[in-house]
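Each residue of the sequence shown is one higher than the one before, starting from 1 at the first, in UniProt numbering.
Backbone N, C-alpha and C fix where the C-beta goes; we use that ideal spot for every residue, glycine too.
To start, the structure under review is shown below, and the notes come after it.
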Amino acid sequence: GQFPLHLAARGGYIGIMGLLLSRGARIDAKDTCGRTALHYAADAGHLDAVGMLLSVGANPFLVDSEGCNSLHIAASKGREDIVRVLME
């Protein structure tokens with residue numbers, strides 16, 4: 001299953017993400033597929049969510065069960081803006 005932070009990141013709900021993190025949500029928690037909130041934000045193309053997660057310490061190098069990190073996912077979807085942010 002997914003965590004609430006994953007769902008909020010996938011939907012680009014910055015306010016909810018902030019609330020969840022302020023209430024102790026683990027930023028790099030992995031779901032059953034090995035994905036983190038950053039994976040989901042990158043996959044969905046939510047640049048603001050990616051930036052917010054990185055600014056509060058999300059690890060962009062974590063890989064999912066298929067060996068993909070957030071950069072791989074963003075690149076595979078053609079999300080050039082997110083690729084640039086992840087490479088900074």
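{"Item": "Distance cut-off 7 Å: Gly78 Cβ against heavy atoms of the ligand FAD", "Value": "Ligands in the displayed structure: none, and consequently the ligand FAD is not present."}
{"Item": "Bounding residues of the alpha helix (DSSP H) (the contiguous stretch that carries Leu53)", "Value": "47 to 55"}
{"Item": "Rounded straight-line distance, which links the Cα of Glu88 to that of His72", "Value": "15 Å"}
{"Item": "CB contact flag (Leu83, Ala75, <8 Å)", "Value": "Note on identity: in this sequence residue 83 is Val, with Leu being the wrong assignment. In this structure, Ala75 lies closer than 8 Å to Val83 by Cβ."}
{"Item": "Completely contained alpha helix (DSSP H) runs for the UniProt repeat \"ANK\" (1 to 32), where each covers 4 or more residues", "Value": "4 to 11, 14 to 22"}
{"Item": "Local Cβ density within 10 Å of Thr36, reported as buried at 16 or more and exposed below that", "Value": "buried"}
{"Item": "Residues of its chain near Ser70, where Cβ-Cβ distance is below 7 Å and the 5 sequence neighbours each way are ignored", "Value": "Leu38, His39, Ala42, Pro60, Leu86"}
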